[in-house]
Amino acid sequence: MSNQNQVRAKKHLGQHFLRDENIAKKIADTLTLQGYKDVLEIGPGMGILTKYLLKKDIKTHVIEIDTESVEYLKNNYLNLSDRIYEKDFLKYDLTEVFKEQPFAIIGNFPYNISSQIVFKTLEMRHQIPEFSGMFQKEVAQRICSKEGSKIYGILSVLTQAFYDAEYLFTVPPSVFNPPPKVDSGVLLLKRKESFTLPCDEALFFKVVKTGFQQRRKTLRNSLKTLNLSDNLKANTIFGQRPEQLSVSQFIELTSLIENDQN
Ligand code: SAH
């Protein structure tokens, strides 16, 4: 199409360009297209995934921090040009684009900011019914892991409180340029549509984060800073370690703490 040179991969932007068309298509096909008319791709790079999104019955938007990639996209995807945002996903106020409308998120993400991408998604979850992304394999597995597992942690509990998380498939380093050092994994998050958190949200986040700061200790110890009553701490749930609690038990725990503080 265009004879413009390829984008040169920059390490500080976490650029590992996918070069396998089948995998790009497979990632684009993970979207169910249910419950939204717009999709936002984070970090499109040279658009290998974008190309397959544009074939779908959905309006594709992309947000890309790298000027060189943005130039490339503008030259090669002419009908996308007014939906290319040269911004930092983590900082940009997405309601400027989507107002109150729902949109899905997709991307082969820069691994150094993948946790922050998930946290921002959780904050905006009321507008994000679906999220499909490629992460470092270990991070994707962590997000989808259940209680009792060694990798179960803050991201697992907070994500699964609001989304059903499914690990889809593993992608080897060889299909990227330059190849990353580790395997990658694609996961799909689908929002739990009939769910509202029955406890205070800020307190829930605080309990989960504080609990996991010392994952080897019982919750009685790790939640000391929350100044809980002795009466409350006598409850057997506090004798457990954070990694033993399911998502719904974390919600119960938060409700107990909330009532104790009132
Ligand atoms: N999706 C492309 C590129 C993957 S590399 C592919 O699969 O080939 C990750 C991309 O994320 C790069 O293009 C990088 O410039 C972009 N990126 C890095 N940090 C970003 C941020 N904060 N906001 C938006 N894009 C970012």
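Each residue of the sequence shown is one higher than the last, beginning at 9 in my numbering. Just so you know, even glycine gets a beta-carbon here, dropped at the ideal spot from N, CA and C.
(request) Within the region 92–132, note down every full beta strand (DSSP E) run reaching 3 residues or more, in order along the chain. (result) 112–116
(request) Helix, strand or coil for Y85, going by three-state DSSP, please let me know. (result) coil
(request) Determine, using beta carbons only, whether T226 and Q248 come nearer to each other than 8 Å. (result) yes
(request) Return the first residue and the last residue of the beta strand (DSSP E) that D46 is part of. (result) 46–50
(message) Using C-beta distances below 7 Å, list every residue in its chain close to M54, excluding the 5 sequence neighbours before and after it, in chain order.
(response) Q14, V15, F25, S77, Y80
(message) Please state the DSSP three-state secondary structure of A32.
(response) helix
(request) Going by CA-CA distance only, name the one from Q144, Q149, K200 that's closest to Q23. (result) Closest option to Q23, Cα to Cα, is Q144.
(message) Since K45 and K67 should fall inside the 8 Å C-beta cutoff, what is the C-beta to C-beta distance between them, to a whole number of angstroms?
(response) 6 Å
(request) Compare the Cα-Cα distances from K19 to each of I245, P188, P180 and report the closest residue. (result) P188
(request) Please report how far the alpha carbon of M9 lies from the alpha carbon of N84, in whole angstroms. (result) Interpretation of M9 is limited by its pLDDT of 47, a score under 50 that renders its predicted location unreliable; no figure is taken from the coordinates.
(request) Scan the region 178–266 and note each continuous beta strand (DSSP E) run of 3 residues or more that stays entirely inside, going in chain order. (result) 192–199
(message) At a cut-off of 7 Å, would you count H24 as near the ligand SAH, judging by its Cβ distance to the nearest heavy atom?
(response) yes
(message) Does the distance between the C-beta of F97 and the nearest non-hydrogen atom of the ligand SAH fall short of 7 Å?
(response) yes
(request) Provide the residue span of the alpha helix (DSSP H) that contains S140, from first to last. (result) Careful: S140 lies outside any alpha helix (DSSP H), inside the beta strand (DSSP E) at 138–144.
(request) Name, in chain order, the residues that DSSP records as bridge partners for E174. (result) L196
(request) Return yes when the C-beta of E53 is under 7 Å from any heavy atom of the ligand SAH, and no when it is not. (result) In the sequence on display, residue 53 carries Gly and not Glu. Checking every heavy atom of the ligand SAH against the Cβ of G53, one is found closer than 7 Å.
(request) For the alpha helix (DSSP H) containing K59, list its first residue and its last residue. (result) Per DSSP, the continuous alpha helix (DSSP H) segment holding K59 begins and ends at 58–61.
(request) Can you say whether R224 is buried or exposed, counting buried as having 16 or more other CB atoms within 10 angstroms of its CB? (result) exposed
(request) Run the proximity test for I73: is its beta-carbon closer than 7 Å to any non-hydrogen atom belonging to the ligand SAH? (result) The nearest non-hydrogen atom of the ligand SAH is less than 7 Å from the C-beta of I73.
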